[in-house]
Every structure is written in C-alpha cells, then in structure tokens.
Amino acid sequence: MGKVHICDHPLIQHKLTYIRDENTTTKDFRALVDEVATLMVYEITRDLPLQQVQVKTPVTMADCQVISGRMLGLIPILRAGLGMVDGVLKLMPAAKVGHVGLYRDPDTLQPVEYYVKLPTDVLERDLLVIDPMLATGGSANAAIDVLKRRGCSRIKLMCLIAAPEGVASVQKEHPDVDIYVAAVDDHLNDHGYIVPGLGDAGDRLYGTD
Ligand code: PRP
Ligand code: URA
C-alpha cells in the first residue's frame, strides 16, 4: 500500500491556514499555494539518490554529492494543479511538464477527461502528479490511469488537502503510489467537498465560481 506522507513543517501548516481562510484574496491564495508547493518539494524529494563527484574549491579538491537517477516529470491535473507547478519548478527547474485535463462532473462526481499532453520521454522520468485537492480520489486515480496506460511507473501524488476517502481510494487503486499531502481533513460532504477543506481550489485560484 502507498504511504501517506504528511508535510507538517510549521511553515507549510501556517500558510495552509491562510489558504483555507475564505477571506484570503485570489492574489494571496495563488501566492500561498505557490509557496506551499515549493516547501513540499523538500519532503517529496527526500529520497532522491545522490552520486559522488569531486569539485575543485578555491582551496582544494572536495568530495561532494549531486542528485543522480531519473529526471522528473510534473503532471498537473487541470485546472487547479497548475497552481502548484511553478512552486515545484522553482526547486526542480529541469523538470518537464505534462498536462492531464479532467473535470469532476458535479452530479456524478466522476472525472471527465478532456486533454492529455505528455513529454515524449515520459517513460524515462519519475513522475509527480499534482492536484491541490484529493476528494473522492476519482480525478487522481484517473490521471494515474492515464500515465499507467502509457507504460509509466514510479509515480508520486502531491496534494494540499486530502479527504480520508480519497486517500483510501488511491491506496486501493494504485498501491504503488505514495501520497504527499499537507493535511488529511475530516470527511467529504454530500457534494463531494472536503470538510473543512478550502472550498473549490480551481475557483479560488482563478477567481471564478
Ligand atoms: C477539483 C480538484 C481535483 C478534483 C478532486 O477539480 O482540483 O481535480 O476536483 O475531486 P475528486 O478527488 O473527487 O476527483 P475540478 O473538477 O473542480 O476541476 P478544476 O480544477 O478545473 O476546477
Ligand atoms: N474539489 C475542490 O476543489 N474542492 C473540494 O473540496 C473537492 C473537490
């Protein structure tokens, strides 16, 4: 079963409080989501392999380390996942970005796919699926399905807030996928919204409703 990593650094939890606050403006919401995404990268990349290299400092030769292994691919789920991409790219600027367009049908809560565009070398990359909200888990599962159908493996999922129902669903459907999240909230309401959550992440990022 995939592990759930709670990114509980005080800076992340502090910023998440203002992300949740309904009085936070679109401008501040966007900036805070971007900042939390950057901070979460520390936890998500903790297991990256290192290799030994030597560099010449102005004083002497030094045994040092650089990141080795496969390159990273970011897979934001449109739309709301886009709000976290720049924050991740700040620390992983060489990552390529693929897009999976899904929206959740408001009546059935089932994800509807409308766009997929992936890097040509996606099979050679470690992949990070990005979406601020993991509610029923339908959208995350569908995005991971899109990747696996094309032969991808080594996938992680990054979200801001999850519902226990969404965590359980991804763990059941994709037991190989670890989940990184800033908070696991209480439950889903009758409309499939996370409680207490933050409302509709896409609408709050883009000022729509
Ligand atoms: C939201 C959110 C996730 C999905 C989560 O997207 O960004 O993609 O809902 O719900 P689930 O776990 O029950 O599938 P939405 O469908 O509102 O689309 P948007 O990002 O375009 O606003
Ligand atoms: N999508 C959101 O944006 N928010 C929720 O609480 C659930 C799904």
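Take the sequence shown: its position 74, counting from 1, is numbered 74 in full-length UniProt numbering, and each next residue is one higher. Every residue gets a Cβ at the ideal spot worked out from N, C-alpha and C, and that includes glycine. None of these values were measured; they are calculated from a predicted model.
Q.
Using a Cβ distance threshold of 8 Å, determine whether the stretch 140-152 contacts the stretch 56-71, with at least three qualifying pairs required.
A. no
Q. Which residues mark the beginning and the end of the alpha helix (DSSP H) in which Lys90 is found?
A. No alpha helix (DSSP H) contains Lys90, which DSSP labels as neither H nor E.
Q) Count the other CB atoms within 10 Å of the CB of Val69; is the residue buried (16 or more) or exposed (fewer)? A) Residue 69 is actually Gly in this sequence, not Val. The residue is exposed, with fewer than 16 neighbouring Cβ atoms inside 10 Å.
Q: In the DSSP assignment, find the unbroken alpha helix (DSSP H) run with Arg150 in it and report its ends.
A: Run containing Arg150: none; DSSP gives neither H nor E here.
Q) What distance in whole Å lies between the Cβ atoms of Ala37 and Gly73, which are believed to be in contact at a cut-off of 8 Å? A) Not quite, the Cβ-Cβ distance comes to about 16 Å (not below 8 Å), so this is no contact.
Q: Compare the Cα-Cα distances from residue 296 to each of Asp200, Arg150, Val181, Ile179 and report the closest residue.
A: In this structure the chain extends from 1 to 209, so residue 296 is not present and cannot be described.
Q) In whole angstroms, what separates the C-alpha of Lys96 from that of Pro119? A) 7 Å
Q: Please classify Met133: does DSSP put it in a helix, a strand, or coil?
A: strand
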